[in-house]
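Mapping of the sequence shown onto this note's numbering: position 15 corresponds to residue 15, and the numbering continues sequentially without gaps.
Even glycine gets a Cβ: it sits at the ideal position worked out from N, Cα and C.
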Amino acid sequence: MNISSTLRTVLIIGSVLFFIFIINMVRIKKLELKYALIWILTSVSFIIMSVFPQTVYAVARLIEVEVASNALFLCIIFLLLLMVFALTVAISRQAIRTKRLVQEVALLKAELEEKIRNHETKSQSP
Numbered sequence: 001m002n003i004s005s006t007l008r009t010v011l012i013i014g015s016v017l018f019f020i021f022i023i024n025m026v027r028i029k030k031l032e033l034k035y036a037l038i039w040i041l042t043s044v045s046f047i048i049m050s051v052f053p054q055t056v057y058a059v060a061r062l063i064e065v066e067v068a069s070n071a072l073f074l075c076i077i078f079l080l081l082l083m084v085f086a087l088t089v090a091i092s093r094q095a096i097r098t099k100r101l102v103q104e105v106a107l108l109k110a111e112l113e114e115k116i117r118n119h120e121t122k123s124q125s126p
């Protein structure tokens, strides 16, 4: 039930550095906050599990998994599925926006070409 202090220290430092990295990416506007929320949730959960390793054992008992590492893998798989779903939603929204922009550009292009033709016919007629 106990993990070594060295491993625990490495996990805490790694989790905190990951959290700082995500916050910095949001701060320098390389990552939007709405997309960073899932990563922030993940890093906070890693910090909690690193600082309080007994939470992993409590989760294992709660979901009736005998080995705590299996519960940890289950939680990580759940977080990964959550990330994939969030990214799929974002991609779908971007595809809809791209389609709308392509249609709008096509309409504007057709309108511009029509105005150019009208202007050319007016300038050619005496």
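Item                                                                                                                                                   : Value
Excluding sequence positions up to five away, which residues of its chain have a Cβ less than 7 Å from the Cβ of residue 56?                           : 49, 68, 71 and 72
Taking its Cβ as the centre, do 16 or more other Cβ atoms sit within 10 Å of residue 46, making it buried, or is it exposed?                           : buried
Quick one: using the 10 Å Cβ neighbour count with 16 as the cut-off for buried, is residue 58 buried or exposed?                                       : exposed
Cβ of residue 65 within 9 Å of Cβ of residue 79?                                                                                                       : no
Quick one: what does DSSP say residue 127 is sitting in, helix, strand or coil?                                                                        : Limits of the chain in this structure are 1 at one end and 126 at the other, which puts residue 127 out of reach.
With DSSP as the reference, label residue 10 as helix, strand or coil.                                                                                 : helix
Please state the DSSP three-state secondary structure of residue 120.                                                                                  : helix
Can you check the stretch 12-76 for any alpha helix (DSSP H) of at least 4 residues that lies completely inside it and give the ranges in chain order? : 33-51 and 54-62
Assign residue 6 to one of two classes, buried (16 or more other C-beta atoms within 10 Å of its C-beta) or exposed (fewer than that).                 : exposed
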